[in-house]
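Before any comments, here is the structure.
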Amino acid sequence: MLSLYQKQSYKFRIKMNIPIESLNFQMLNVGLAKHDADWNWQNVVSPFTRIYLVTEGYAKLYLPNRVVDLLSGHMYIVPAHTVHSYECAGKFSHYYLHFYEGFKKETDIFDFYDFPVEIDSNALDEAIFDNMCKHHPEAQLPASDPTAYDNMGKFIDYVHRYNELSLAEKMELRGSILILFSKFVHKAQAKVWTQDKRLAKVLTHIHNNIYEEISIDDLAAIACVTKSHFIRIFVKMIGMSPLQYINRKKIDRAELLLITDDQPIKEIAYDLGYNDHSYFIRLFKKITGITPMAYRKNMR
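Residue numbers (the numbering used here): 1 to 300.
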């Protein structure tokens, strides 16, 4: 017999069951970096997720809302599109893994869970990193400076390199990434709004239709409430209006397209459901601080 707590926990896990097929992780870079007060970079933001495993020394990771000490025996995660900085005043060694989720339309797992930035690591985690490094030495970063690898040309090269791998190699890499990522999932907390089935349906619709023009009226209909009530619920649970959320997700996708695709900015705007590309440019600058053209130029 299951206890009441077990029944509730089981029911909640079923509700939060995200198809593993949606975790389309693709490796970009993996390696072991050794620094000596030379890992100091400001305002780094990338369209891919980073996982670090510290093996020696000490450094600091500056996130939008906190400062994290990077310590030996721990792993750390920095989700895609997170503005962050590094500070290293002495010797510091760490494994790094960069991966992205491809051009999927499924719901982003980072929207469903609040992930811990730091977790304990163990010998198995280090062995997984070591194995990936030994089998894929070509995936090491050319330099620690983000401008040396976090640009459109390099990103395309890394994606192409991954696509050229054999099926067996892709399966092994995906399995390794999932094992490491699962350690963070174990410690993750489901966001409060996930208990509301209406919002879960709405967010799934947004992600599945990110390339379409999304109507707030349609979202309210999906939630089976009036438009004004829907907006109030959304703001209370998500912390921003439905339109702000939609625009942020579209701009996240635009950043990836600007890096991986040479199509004109006007076409990217249209592809994401913005018929007025001038509005798209203003919106992009409002959210990122720079224009789409400047973003693409900086990432080359």
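Yeah, the Cβ is synthetic: ideal placement off N, Cα and C, and Gly gets one too.
Going by alpha carbons, who is nearest to residue i out of the options?
i	options	result
TYR86	LEU167, CYS224, ASN40, GLY289	ASN40
VAL202	ARG253, TYR52, ASP120, ILE222	ILE222
THR55	SER72, TYR62, ALA269	SER72
GLN189	TYR113, HIS277, GLU267	TYR113
ASP150	TYR270, ILE287, PHE48	PHE48
LEU124	MET75, GLN140, LEU167	MET75
LYS183	GLN195, GLU126, LEU32	GLU126
GLY90	TYR58, LEU53, LEU97, ASP120	TYR58
SER241	ARG296, ALA37, SER215, ARG174	SER215
VAL192	GLY175, PRO264, MET237	MET237
HIS135	LEU53, SER166, LEU23, HIS81	SER166
VAL159	SER176, TYR100, GLU118	TYR100
ILE20	GLN195, ASP262, GLU169, GLY175	GLY175
ILE206	VAL185, PHE234, GLN195	PHE234
PHE181	GLU118, ASN163, ALA200, GLY239	GLU118
GLN244	LEU283, HIS277, ASP108, ASP276	LEU283
Taking the straight line between their C-alpha atoms, what separation do you get for residue i and residue j?
i	j	result
GLU138	PHE25	18 Å
ASP130	ILE179	14 Å
GLY153	ILE246	28 Å
LEU28	VAL44	17 Å
LYS310	ASN298	Lying outside 1 to 300, the shown extent of the chain, residue 310 is not represented and no answer is given.
GLU212	TYR274	8 Å
ILE18	ASP217	26 Å
PHE110	PRO79	8 Å
ILE231	CYS133	48 Å
PHE115	LYS187	7 Å
ARG198	LEU32	44 Å
ALA294	THR147	14 Å
ILE14	ARG66	Note that ILE14 scores 36 on pLDDT, short of 50, meaning its location in the model is unreliable; the coordinates nonetheless yield the value given after this. When rounded, the distance between both Cα atoms is 32 Å.
LEU63	ASP120	19 Å
ASP145	GLN42	10 Å
LYS60	VAL68	6 Å
THR260	CYS88	31 Å
ALA168	ILE177	14 Å
PRO292	ILE128	38 Å
LYS105	LYS34	Low confidence applies here, because LYS105 scores a pLDDT of 48, under 50, leaving its location unreliable; read the following figure in that light. Cα to Cα, LYS105 sits roughly 37 Å from LYS34.
THR82	SER278	26 Å
By DSSP, does residue i sit in helix, in strand, or in coil?
i	result
HIS136	coil
LYS191	coil
MET75	strand
GLN244	helix
LYS105	In this predicted model, LYS105 has a pLDDT of only 48, less than 50, meaning its place in the structure is not dependable; the value taken from the coordinates is given anyway. Note: LYS105 maps to coil in three-state DSSP.
ILE238	helix
SER278	helix
LEU70	strand
HIS229	helix
ILE206	helix
GLU267	helix
GLU213	coil
ILE18	coil
ASP114	strand
Use the C-beta contact count for residue i: other C-beta atoms within 10 angstroms, 16 or more gives buried, fewer gives exposed.
i	result
CYS224	exposed
ALA143	exposed
HIS229	exposed
THR226	exposed
GLU255	buried
ILE290	exposed
LYS250	buried
ARG253	buried
ALA220	buried
SER46	buried
ARG296	buried
TYR95	buried
PRO264	exposed
TYR52	buried
ALA269	buried
PHE280	buried
On the DSSP letters alone, give me the boundaries of the alpha helix (DSSP H) that residue i sits inside.
i	result
TYR295	292-299
HIS186	167-187
ILE160	The question names Ile, yet the displayed sequence has His at residue 160. Run containing HIS160: 152-163, per the alpha helix (DSSP H) assignment.
ALA221	216-223
What are the boundary residues of the beta strand (DSSP E) that includes residue i?
i	result
ASN29	26-36
TYR62	49-63
PHE99	91-100
ALA86	A small fix is needed here, since residue 86 is Tyr in this sequence, not Ala. That run of the beta strand (DSSP E) goes 85-87.
ASP120	118-120
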